[in-house]
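Visitor: Just so you know, the sequences run in chain order A and B. So for the first sequence, my numbering puts the first residue at 498; every next one is plus one. So for the second sequence, my numbering puts the first residue at 12; every next one is plus one. Glycine included, C-beta positions come from ideal geometry on N, C-alpha and C. Note that the coordinates shown come from a computational prediction; the quantities given were computed from them, not determined experimentally. Sharing a structure with you now.
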Amino acid sequence: MKKLVTARKASQTFFLLLFMYILWSTTYPLKGLLPPETFFRTNPNIMIFTSISERLFLPGLYFALAMLVLTLIFGRFYCGWVCPLGTFIDCAGALKKRKMVLNDGQNKKVRKPKFVILGAVFLGALFGIQLAWVLDPMVIVARFVSLNLIPTATLVIDRFFIILIKTFNLYGPVYDAYRALKSSFLGVKVFYFANAGIIFLVFLLICSAALFISRSWCRTLCPLGALYSIAARFSLLRRINAGCTTCGKCVERCRMGVIKENADYMKGECILCMDCIYECPAQGTKFTFQASSKPLSTDTAEGKKGGISRKDFLFLMACSVFALGFRWRFGKSKEICGPVTRPPGALKEEDFMDRCIRCGNCMKVCPTNVLQPAILQCGLRGIWTPHLVNEIGYCEYNCTLCGDVCPTGAIPKLPLPKKQNTKLGIAGIDHSTCIAWAYNQKCLVCEEHCPVAEKAIKIEWERVDGELIGKPRVDPDLCIGCGICQNKCPVRPERAIKVSPKGADRT
Amino acid sequence: MEKFLYNLESYLKKQITRRNFLKILLGGLLSFISYNSFLKYAFARSKPSDGRPKSKVKGKYDLVEAEGNDPYVNTVRAVEEMGGMKKFIKKGDVVVVKPNIAWDRTPEQAANTDPKVVAALVELAYKAGAKRVNVFDIPCNEDARCYKNSGIAQAAKEKGAYVYFADHWNIVRAHFPYKSQMEGWPILRDAVVCDKFINVPVLKHHSLTGLTLSMKNLMGVCSGTRGLIHVNIGPKLADLADFISPDLTVIDATRVLIRHGPSGGSLADVLKMNKVLVATDPTLADSFASTLVGRDPLSIPYIKAAAQRGFGSTDISKAKISKIKLS
């Protein structure tokens, strides 16, 4: 009975399910047991580097530092026991038994890039550029779950029921069950996210890499892993192997490839998967807090060093300075808004792109599905940032959810009255296609839906052929740019009223 | 995995012959056709419907107006005065109570039907022997928010009604015996396939039509791009009312939004009228309600269109009306 391995697997399953539960409950009434930011607040990579780059103290910093302290005690337990991406990678890796085994020399090189990435992220943060989101595992897996997995799962279940009900005329109890499911588990509507396939491809690539080299992402690229790895070098919990015969079994099977030929290991790289305990024929391998009085290996210095030498580190740090050339910025930028409409009260464009970690929480929670991941609409730098696509939805007047779930405050938490007065942009009417202006017909759908109490769309009544025709005109002072007019406008293919981000209130 | 890759490779390396090529072509074509016809079968089937049959049941009066402080009591007494719910609902009926839940507003803001009126009707329907009472609407704002913040979902559920979100796939296509602009419009199946239909609009201002009343409230059972109904709205709504032909129309005039309708939002625009109207003829109900806020019924496009087509009567002076006052 591999007790510890079972415990590790149970913990992985638990945290994966918890992760999915938190993201699933990130929806309209927001009544989850844990706040939606939980996994981001406990993520030192995101919290520390965003705090540094934005020069502020994020509320989650305490949790993130607590995680580092825990790592100082236990080692990289997070990677092996908690990380949801790690769990997905282990699942993918389990599909193929025989994997490439890298010898120690190669191992070192494989391990290096993540420290380079961490160094680049750190340097960027010093200069006010937040790069932590680019390869952060929590962000990657959250985006996958929120924007791919949950919408697809709900779509499949929804369609299954629709076909079942329509084909067999089951408008009785089955339909009631479907409705109950819809008002609880599935949610009112099936969400759609534009170009979410790219997000899935990134995730797939990371997972499928584990088919060739086990845990290759965690060994090679993960910046969070690199951060934990540095802390884990000093961890109190250590692996000892009494009575080792250097049979090499653990060396071959270690999923992180951290055990050396002489059965010593690199503490910083071990994710405590506990496999080696049960691989050992001598049964002497265990993890303990006892200081190893008699280390088996003679070169402990080498063992502690992990992957990267000081010379290498400095060299790479120096190299990455040049990478900053593309954007050198001190102080606040003048640009208020970019080419796309942002969520209510979002920071000024440049700051928003730096603060946003692209976790997808706001897009997941938005009840009308209006928040969509950008691809290249606001440049490559703005990839996967949220923007409003009013053809799909609109900003609900009485809703502040996107600000409530944002883990870094890129979308601030606004009280409802303030949000209702925050401009996202200003609507403009195209007189050449508007039903009322161009064809002199009665419509006024935009005016009807306008949520502002005094109506930001004013009607000009005009007598045409003896009939009073109301023609809409936008009052730019009252308009908050919520986009419901654009969403409900019956003109196709292009709506006759459109919200432009110019004039938005950005904090 | 390896086996799969091996098979794939050997398949790809196969020499292609004319016979093989034709086989692949035919197979692809067949799977394409069957896939398409499956999708059509599964999703695009919506039957044409002739609408609900007209009910011949009339109440004791043509219209009852109850005025009092409690909308719940108003509703109960008004229906009683009309002859009781038993007159309209038979044992084992499936009843649809269709309130106005269009906006994400609180009851005080008067953009939606008062939840107490809905609750009273649900209770009365069950007492009259209804098997099941369905409450739904297609809101203009996000469904879950509207249902919750209007207070209607909770109030109706407490009385045992089935409150659910409308499914846009569950529709019938409207078919009319005469030429209509609403021909083929997708209408919620649940609104058509039911034994009794009680329409519960709220009286409020509406920018285009002047007032939102019972016929305008029926837009809430229409799927599709509803904005298009706004073009030439009068005849369209009259046809729709003829198609649905509600058995009972209960107009909630407890709080009346007199400006900035139909969504409102400001309490300054709300006038407390404390009235509930009950009628069997939607046109008469709408006509009477429009006089409550001092409008000429014929200035409302859909009432005018209904009068022109002879659906119901707009003549309030000839109608038998009972007005009851409750303390």
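(1) Anything in chain B within Cβ reach of A/L941, meaning under 7 Å, just list it in chain order.
(2) Go ahead and pull the three-state DSSP assignment for A/Y525.
(3) So, helix, strand or coil for A/L666, using DSSP?
(4) Relative to the C-alpha of A/F810, which candidate in A/L527, A/A591, A/V613 has its C-alpha closest?
(5) Which residues in chain A have a C-beta closer than 7 Å to the C-beta of B/N9? List them in chain order.
(6) Please list, in chain order, the residues of the stretch 164-191 of chain B that have any C-beta partner in chain A closer than 7 Å.
(7) Closest Cβ-Cβ distance between B/I244 and chain A: below 8 Å?
(8) At what residues does the beta strand (DSSP E) containing A/T785 begin and finish?
(9) Apart from the five residues on each side of it in sequence, which residues of its chain come closer than 7 Å, Cβ to Cβ, to A/C903?
(10) Is there at least one Cβ from chain D nearer than 8 Å to A/P948's Cβ?
(11) Excluding the 5 residues flanking A/M517 on each side, which residues of the same chain have their C-beta closer than 7 Å to its C-beta?
(12) Using 10 angstroms around the beta-carbon of A/L898, count the other beta-carbons present and answer buried if the total reaches 16, otherwise exposed.
(13) Which of helix, strand or coil does DSSP assign to A/W958?
(14) The beta strand (DSSP E) spanning A/E964 covers which residue range?
(15) For A/C704 and A/L632, what's the separation of their Cα atoms in angstroms?
(16) When the Cα atoms are used, what is the spatial distance from A/K999 to A/P841?
(17) Evaluate the contact criterion for the stretch 162-180 of chain B versus the stretch 115-128 of chain B: three or more CB pairs, one atom per stretch, below 8 Å.
(18) In its own chain, which residues sit with a C-beta less than 7 Å from the C-beta of B/H241, not counting the 5 before and 5 after it?
(19) Which two residues bound the contiguous alpha helix (DSSP H) that contains A/P870?
(20) In the stretch 849-913 of chain A, which residue ranges form an unbroken alpha helix (DSSP H) of at least 4 residues, counting only runs that do not cross its ends?
(21) So, does the CB of B/M12 fall closer than 8 Å to a CB anywhere in chain A?
(22) Jot down the residue ranges of each uninterrupted alpha helix (DSSP H) in the stretch 565-652 of chain A, minimum 4 residues, whole runs only, in chain order.
(23) Would you say A/V902 reaches chain B, if we count a Cβ-Cβ gap shorter than 8 Å as a contact?
(24) Which whole-angstrom value describes the C-beta separation of A/I981 and A/T919, a residue pair presumed to lie in contact below a C-beta threshold of 8 Å?
(25) Return the CA-CA distance between B/G195 and B/G62, expressed in angstroms with no decimal places.
(26) Compare the C-beta of B/T294 with all C-beta atoms of chain A and state if any pair is closer than 8 Å.
(27) Spell out whether any CB of chain A is found under 8 Å from the CB atom of B/A155.
(28) In the DSSP assignment, find the unbroken alpha helix (DSSP H) run with B/V129 in it and report its ends.
(29) Between which residues of its own chain and A/T930 is the CB-CB distance below 6 Å, once the five residues before and five after are set aside?
(30) Among A/D972, A/N540, A/I519, whose alpha-carbon lies nearest the alpha-carbon of A/L530?
(31) Give, in chain order, every unbroken run of the beta strand (DSSP E) that is at least 3 residues long and sits entirely within the stretch 688-723 of chain A.
(32) Report the option in B/V267, B/G231, B/S45 whose CA atom is closest to the CA atom of B/A252.
(33) Can you check DSSP and say which residues form a bridge with A/N738?
(34) Along the chain, where does the alpha helix (DSSP H) that runs through B/H241 open and close?
(35) How many Å lie between A/T795 and A/A739 at the Cα?
(36) I want to see whether chain A comes within less than 8 Å of B/T236, judged by CB atoms only; does it?
Guide: Result, derived from the coordinates:
(1) S218, L219, H241
(2) coil
(3) Leu is not the amino acid found at residue 666 of chain A; the sequence shown has Asn there. Correct three-state label for A/N666: coil.
(4) A/V613
(5) This structure cannot settle anything about residue 9 of chain B, because the visible part of chain B is limited to 12 through 338.
(6) Y175, F176, W180
(7) yes
(8) 782-785
(9) N858, C859
(10) Going by chain labels, chain D is absent from the structure shown, which instead holds the protein chains A and B.
(11) V642
(12) buried
(13) strand
(14) 964-971
(15) 14 Å
(16) 13 Å
(17) yes
(18) L219
(19) Note, A/P870: premise wrong, no alpha helix (DSSP H); beta strand (DSSP E) at 868-870.
(20) 858-862, 898-902
(21) yes
(22) 581-591, 601-623, 634-641
(23) no
(24) Not a contact, Cβ separation roughly 15 Å.
(25) 12 Å
(26) no
(27) yes
(28) 126-138
(29) V988, A993
(30) A/I519
(31) none
(32) B/G231
(33) A/T782
(34) From DSSP, B/H241 is part of no alpha helix (DSSP H); its letter is neither H nor E.
(35) Bear in mind that the predicted position of A/T795 carries a pLDDT of just 43, short of 50, making it too unreliable to give a figure here.
(36) yes
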